[in-house]
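K.L.:
Going by our numbering, the sequence shown opens with residue 814, and the numbers climb by one from there. Glycine included, every Cβ here is placed at the ideal spot set by N, Cα and C. The following block contains the structure, expressed as structure tokens.
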Amino acid sequence: MSINKKTLSLSIIMVFIFSMVMVTGFEKSFVKTAHAAKTYRFTMQNMFSLNHPITAAINQMAKDVKKKSNGQIAVQVLPSGALVKGPSIFESVSLGSIDMGTTCSAYHSGILPMAATAFALPGDPRGLQEIMDFIYQDEILTFFRNAYATQNVFYGAPLVMDGYTIVSKKPINTWADLKKMKVRASGSIAKTLQKMGIPTVFIPFSEIYVALSRGTIDAEISGNHAESFLAKTYEVAKYQTVPYISGAQNCEVIINQDRWNELPENLKVIFEKALKDCSTQVGVLFNAENKAVMNKMTAQGAQFIQLPDEVMSRWTKTAVKMWDEEFTKDKLSAEYIALVKKDLKALGYDL
814 MSINKKTLSL SIIMVFIFSM VMVTGFEKSF VKTAHAAKTY RFTMQNMFSL
864 NHPITAAINQ MAKDVKKKSN GQIAVQVLPS GALVKGPSIF ESVSLGSIDM
914 GTTCSAYHSG ILPMAATAFA LPGDPRGLQE IMDFIYQDEI LTFFRNAYAT
964 QNVFYGAPLV MDGYTIVSKK PINTWADLKK MKVRASGSIA KTLQKMGIPT
1014 VFIPFSEIYV ALSRGTIDAE ISGNHAESFL AKTYEVAKYQ TVPYISGAQN
1064 CEVIINQDRW NELPENLKVI FEKALKDCST QVGVLFNAEN KAVMNKMTAQ
1114 GAQFIQLPDE VMSRWTKTAV KMWDEEFTKD KLSAEYIALV KKDLKALGYD
1164 L
């Protein structure tokens, strides 16, 4: 049977074109499928106890980000101390020894002084929600991320809690009472106390209970009433002061910058949303917890000591004066204080 050469040539060309379309389509489909299937695994060192509200929030975050990313982002949350202790988490994340973690900025004051300045700034009258709103302003969040990036760390999200109470083995009614004690404190709280002639010592968060029970310290300043209840420090030190002596505490989720940069943009958006939801959940959990714990502790023998107005007034004046005297020596700390003052003015505070 004879075949027209022109027809044969046209058929060959059509087959070739069809084959190319099929191959190209397959390659695109393969690449897309391979990309979608890639999993980005993050090992996260948590510094908080298993019963801590932040632990509950980050465990939920890990579930949420895995679900929303269709399994592309997998976060393994490790219990406190599994790889490194709290004070070492920032440096470990910076070096890439671990991918991410929870930490409190007071712990890395020697590496990034501005972080310690931002942690529970003494004399700051803003509460939890005002601090959250402040940090999530575009200008402020950018400032935090640029500052942390200098240490190869991505500032993932704030974990904001209520301010500090003083937990002690003896009642505190004046600052003179506190001068007679060995006081555990950190960050800017410790600096303010030292300015008032009250010496402080530092002990990791996880070791406070034992230090109080053994008499290594007489008082400690590390958290709010809910945290004291969870840590059970009222069992060995039954006195706690009201009101809180600081603004809200700024802890955080941090991620190694190189690991963060590996993520495609769509996954970064999903991860950031999960982290912000985690921040919100921390506030919700603490608000609910604080409503109940004071009654529970009172029923178990704890006593709450109301600090007199003149004591709180002296504390506030000393603390705010320190903002310019101590916390502006570092360039980034000075920029942070200026941003705080700008926000306080916008909110109508007069300090």
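(1) Tell me which same chain residues have a C-beta within less than 7 Å of the C-beta of G884, skipping the five on either side of it?
(2) I'd like to check one pair, L972 with I867: are the Cβ atoms closer than 8 Å?
(3) Looking at I1034: is its Cβ nearer than 8 Å to the Cβ of I1002?
(4) By the three-class DSSP mapping on this structure, what secondary structure does M1107 have?
(5) Please determine if the region 890-899 and the region 856-865 are in contact, where contact requires at least 3 C-beta pairs separated by less than 8 Å.
(6) Using three-state DSSP, classify T955 as helix, strand or coil.
(7) Taking only three categories from DSSP, how would you classify I948?
(8) Please confirm whether V906 and N1063 have their CB atoms less than 8 Å apart.
(9) Determine the direct distance from the alpha carbon of R1127 to that of K1134, and round the result to whole angstroms.
(10) If you compare alpha carbons, which of S1026, G969, D1156 is closest to K1081?
(11) Are there 16 or more other CB atoms within 10 angstroms of the CB of R1180, so buried, or fewer, so exposed?
(12) Could you spell out the range, first to last residue, of the alpha helix (DSSP H) harbouring Y853?
(13) Measure how close the beta-carbons of A931 and Y1149 come, nearest whole angstrom, since I'm counting them as under 8 Å.
(14) Report the three-state DSSP secondary structure of L1152 (helix, strand or coil).
(15) Looking at D1156 and F947, is the spacing between their C-beta atoms short of 8 Å?
(16) Excluding the 5 residues preceding and the 5 following A960 in the sequence, name in chain order all residues of the same chain whose CB lies nearer than 7 Å to its CB.
(17) Short of 7 Å in beta carbon distance, which residues of its chain neighbour A962, apart from the five on each side in sequence? Order them along the chain.
(18) Please state the DSSP three-state secondary structure of F1042.
(19) On the DSSP bridge assignment, give the partners of I1068 in chain order.
(20) Check each candidate in V1055, E1075, P1121 and name the one with the smallest Cα separation from N1103.
(21) Rounding to the nearest angstrom, what Cα-Cα distance links F1015 and A1024 in this structure?
(22) Quick check on L1164: does DSSP put it in helix, strand or coil?
(23) Taking buried to mean at least 16 other C-beta atoms within 10 Å of its own C-beta, is T916 buried or exposed?
(24) Kindly indicate which residue of T856, P1017, E1048, I1058 has the alpha-carbon position closest to the one of N1037.
P.N.:
From the atom records:
(1) Indexing the sequence shown from 1 puts residue 884 at position 71. Answer for G884: T852, listed in chain order.
(2) Looking up residue 867 in the sequence shown gives position 54. Looking up residue 972 in the sequence shown gives position 159. Using a Cβ distance threshold of 8 Å, I867 and L972 count as a contacting pair.
(3) Reading the sequence shown from its first residue, position 221 is the one you call residue 1034. Reading the sequence shown from its first residue, position 189 is the one you call residue 1002. Inclusion of I1034 and I1002 in the CB contact set at 8 Å is warranted, their separation being smaller than that value.
(4) Locating residue 1107 in the sequence shown gives position 294, counting from the first residue. DSSP places M1107 within a helical segment (H, G or I) once states are collapsed to three.
(5) Between the region 890-899 and the region 856-865, the count of Cβ pairs shorter than 8 Å is three or higher; the stretches touch.
(6) Residue mapping note: residue 955 aligns to position 142 of the sequence shown, counting from 1. In the structure shown, T955 sits in a helix (DSSP, three-state: H, G or I).
(7) Taking the sequence shown and counting its residues from 1, the one referred to as residue 948 is at position 135. Collapsing the DSSP output to three states places I948 in a helix.
(8) As a working mapping, residue 906 is identified with position 93 in the sequence shown. As a working mapping, residue 1063 is identified with position 250 in the sequence shown. It is not a contact, given that the beta carbons lie outside the stated cut-off.
(9) The sequence position of residue 1134 within the sequence shown is 321, counting from 1. The sequence position of residue 1127 within the sequence shown is 314, counting from 1. Roughly 11 Å separates the two Cα atoms.
(10) In the sequence shown, residue 1081 corresponds to position 268, counting from 1. Minimum Cα-Cα distance from K1081 among the listed residues S1026, G969, D1156 corresponds to G969.
(11) The structure shown does not extend to residue 1180, since the chain is modelled only from 814 to 1164, so the question has no answer here.
(12) The residue you call residue 853 lines up with position 40 of the sequence shown. Note, Y853: premise wrong, no alpha helix (DSSP H); beta strand (DSSP E) at 853-858.
(13) In the sequence shown, counting from the first residue as 1, residue 931 sits at position 118. In the sequence shown, counting from the first residue as 1, residue 1149 sits at position 336. Correct: roughly 6 Å between the Cβ atoms.
(14) Numbered from its first residue, the sequence shown carries residue 1152 at position 339. L1152: helix per DSSP, three-state reduction.
(15) Walking along the sequence shown from the start, residue 947 turns up at place 134. Walking along the sequence shown from the start, residue 1156 turns up at place 343. Yes, Cβ-Cβ distance for F947 and D1156 is below 8 Å.
(16) Taking the sequence shown and counting its residues from 1, the one referred to as residue 960 is at position 147. Within the same chain, A960 has close Cβ partners L925, M927, L1145.
(17) Position 149 of the sequence shown, counted from the start, is the residue given in the question as residue 962. The answer, listed in chain order, is Q1070.
(18) Sequence index remark: in the sequence shown, residue 1042 carries index 229 (1-based). In the structure shown, F1042 sits in a helix (DSSP, three-state: H, G or I).
(19) Taking the first residue of the sequence shown as 1, we reach residue 1068 at position 255. Note: I1068 is bridge-paired with M913, F967 in the DSSP secondary-structure output.
(20) Residue 1103 sits at position 290 when you count from the first residue of the sequence shown. Closest by alpha carbon: V1055.
(21) Reading the sequence shown from its first residue, position 202 is the one you call residue 1015. Reading the sequence shown from its first residue, position 211 is the one you call residue 1024. Their Cα atoms are separated by approximately 11 Å.
(22) Position 351 of the sequence shown, counted from the start, is the residue given in the question as residue 1164. Three-state result, L1164: coil.
(23) If you number the sequence shown from 1, residue 916 lands on position 103. Classification of T916: buried, given that the 10 Å Cβ count is 16 or more.
(24) The residue you call residue 1037 lines up with position 224 of the sequence shown. Restricting attention to T856, P1017, E1048, I1058, the CA atom closest to the CA of N1037 is found in I1058.
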